[in-house]
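Asks:
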Amino acid sequence: MHIIEGFLSPFWALIWTLIAAPFVVYGFLNIRRILRDDPAQRTMLALSGAFIFVMSSFKLPSVTGSSSHPTGTGFSTMFFGVGVTSVMSLIVLIFQALLLAHGGFTTMGANVFSMGVAGPFVAYLVFKAMIKARVRTPITVFITVFLAGMVTYVTTAVQLALAYGTFTESLVSFLTVFAVTQIPLGIVEGILFTIFVDYLERARPDLTEKVFPRRVKDEA
Amino acid sequence: MKRSHYYLLGLLVVAVILVSAVLFNPNSEFSGTDDGGGEAISEIDPNYEPWFQSIWEPSGELATLFFTLQAAIGALIIGYFLGSNKIRRERREG
Numbered sequence: 213m214h215i216i217e218g219f220l221s222p223f224w225a226l227i228w229t230l231i232a233a234p235f236v237v238y239g240f241l242n243i244r245r246i247l248r249d250d251p252a253q254r255t256m257l258a259l260s261g262a263f264i265f266v267m268s269s270f271k272l273p274s275v276t277g278s279s280s281h282p283t284g285t286g287f288s289t290m291f292f293g294v295g296v297t298s299v300m301s302l303i304v305l306i307f308q309a310l311l312l313a314h315g316g317f318t319t320m321g322a323n324v325f326s327m328g329v330a331g332p333f334v335a336y337l338v339f340k341a342m343i344k345a346r347v348r349t350p351i352t353v354f355i356t357v358f359l360a361g362m363v364t365y366v367t368t369a370v371q372l373a374l375a376y377g378t379f380t381e382s383l384v385s386f387l388t389v390f391a392v393t394q395i396p397l398g399i400v401e402g403i404l405f406t407i408f409v410d411y412l413e414r415a416r417p418d419l420t421e422k423v424f425p426r427r428v429k430d431e432a
Numbered sequence: 003m004k005r006s007h008y009y010l011l012g013l014l015v016v017a018v019i020l021v022s023a024v025l026f027n028p029n030s031e032f033s034g035t036d037d038g039g040g041e042a043i044s045e046i047d048p049n050y051e052p053w054f055q056s057i058w059e060p061s062g063e064l065a066t067l068f069f070t071l072q073a074a075i076g077a078l079i080i081g082y083f084l085g086s087n088k089i090r091r092e093r094r095e096g
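Chains A and B, in that order, are what the protein sequence lines are. Sequential numbering of the first sequence, starting at 213, is according to my numbering. Sequential numbering of the second sequence, starting at 3, is according to my numbering.
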C-alpha cells in the first residue's frame, strides 16, 4: 500500500500529513496512558505491534502478477482503536522507509493515513456494530481484519487518483493495481487472526473479555 | 466438527491461496504493488518526475535481510507470548 517516495506533490504530501497527525498524537497519548495506568494491557499492545510487523513483511505473489502484502492492522484496531493503530503503523512505515526504501518520508503522511487511519477507522466502526449485534466472534474478527486491509488499499488508490489524471479514470486503474491483488491476502490475513483470537479467548480470556464480552453458551 | 478441525480447515485454505499464488506467477519478483502504483502513474502522466528520491536504497539482498529482520522482530514477540502462556498453564495445572 505504500506510495513511493516523491510520488505525491508537496501539496498532497502536506494535506495527508495534516489529516493523519491528530490521530497519531491522540494515539501516542493513549499509549502513554495505557503503559502508565494499565500494565495488564502491555502484552496486548506488544502483540498488536508485533502482528503489524510480521504481516506487513509478508510480501507474497498475488494472483494478478505482482506481489503484495497484508497490513496486519486489524488486531490492533479491535483491541485499541484507531489512534494506537496509527502510531503502530507509523513505526513500521518509518522502519520500511528508512531501511528498505519502501514507501518514503515525503509520502509518510499519506501512507499513515491509509494504513493507520482510514482502514482501521472503517474497520472499527463495523467491528463495534458487530459486537453490539452479538455476531459470533470468528465472523467479527474475520470481517474486521479483512476490512482494515481492504479499505487501506482502496484509500491508497483514492489518494493516487486525487493526485494524478482525471479522478474516475485514474481511480479505476489504481484500484485494479492495488485492491484486486489484495483480496486473497485479505482472506489469508482474516483466517490467521480469526484462529489467533479464538486461541486467545480460550487461553487468556482475561486479555480479551474487555473487547469480546464472554457468552455463557459459547464454550461448548 | 472439533475446534482443531476448524483450525486445520482454515490453515488449509491459507495454504491453497498461497500455493496457487506462487503457481500462477512462478517468476514473481520481490517487488510488488507498490512499484505497480508507480508504473500506473507513469502511464497516466508520462511526464511526471518524482520530486524527491529515497535517501538510500538497499540492494536486493539487503532488502531481503531487512524484511526478514522485520518479520523476526514481530515473530519473536508473538513466540514469547505463546511460550509464556504455556508455562502459565503448566504452573496452574501442575
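We put the beta carbon where it would ideally sit given N, CA and C, even for glycine. All values reported here derive from a predicted model rather than from experimental measurement.
#1: With a threshold of 8 angstroms between beta carbons, is I46 (chain B) in contact with chain A?
#2: Take the Cβ of N323 (chain A) as the centre, count every other Cβ of all protein chains shown within 10 Å, and call the residue buried at 16 or more, exposed below.
#3: Anything in chain B within Cβ reach of P396 (chain A), meaning under 7 angstroms, just list it in chain order.
#4: Determine the chain A residues that contact S56 (chain B) at a beta-carbon separation under 7 angstroms, and present them in chain order.
#5: Leaving out five residues on either side along the sequence, give the residues of the same chain with a beta carbon under 8 angstroms from the beta carbon of L257 (chain A).
#6: Could you check where the alpha helix (DSSP H) with A360 (chain A) kicks off and where it finishes?
#7: Kindly indicate if chain B contains any beta-carbon less than 8 angstroms away from that of I227 (chain A).
#8: Would you be able to state if there are at least three C-beta pairs under 8 angstroms between the stretch 402-413 of chain A and the stretch 356-369 of chain A?
#9: Helix, strand or coil, according to DSSP, for S61 (chain B) in the structure here?
#10: With 8 angstroms as the threshold, decide whether the Cβ of I79 (chain B) is near any Cβ in chain A.
#11: Thinking just about the alpha-carbon of each residue, which of A:T289, A:S268 and A:A335 is nearest to the one in V304 (chain A)?
#12: What residue range does the alpha helix (DSSP H) around L220 (chain A) cover?
#13: By how many angstroms is the C-alpha of R416 (chain A) removed from the C-alpha of V21 (chain B)?
#14: Assuming F317 (chain A) is part of the alpha helix (DSSP H), what are its boundary residues?
Replies: Let's see:
#1: Using a Cβ-Cβ cut-off of 8 angstroms, I46 (chain B) counts as an interface residue toward chain A, since at least one Cβ of chain A sits closer than that to its own.
#2: Around the Cβ of N323 (chain A), a 10 Å sphere holds 16 or more other Cβ atoms; the residue is buried.
#3: Neighbours of P396 (chain A) on chain B, chain order: I19 and A23.
#4: Simply E217, A313 and G316.
#5: Excluding sequence neighbours, L257 (chain A) sits near I243, I246, L247, F292 and V296.
#6: DSSP places A360 (chain A) inside the alpha helix (DSSP H), whose first and last residues are T349 to A375.
#7: No, its Cβ sits nowhere closer than 8 angstroms to a Cβ of chain B.
#8: With a cut-off of 8 angstroms on Cβ pairs, the stretch 356-369 of chain A is in contact with the stretch 402-413 of chain A, counting three or more such pairs.
#9: Correct three-state label for S61 (chain B): coil.
#10: For I79 (chain B), the closest Cβ of chain A is nearer than 8 angstroms.
#11: Ranking the options by Cα distance to V304 (chain A), first place goes to A:S268.
#12: Counting along the chain, L220 (chain A) sits inside no alpha helix (DSSP H), nor does DSSP assign it H or E at all.
#13: The straight-line gap separating the alpha-carbon atoms of V21 (chain B) and R416 (chain A) is approximately 33 angstroms.
#14: Boundaries cannot be given for F317 (chain A), as no alpha helix (DSSP H) includes it and DSSP labels it neither H nor E.
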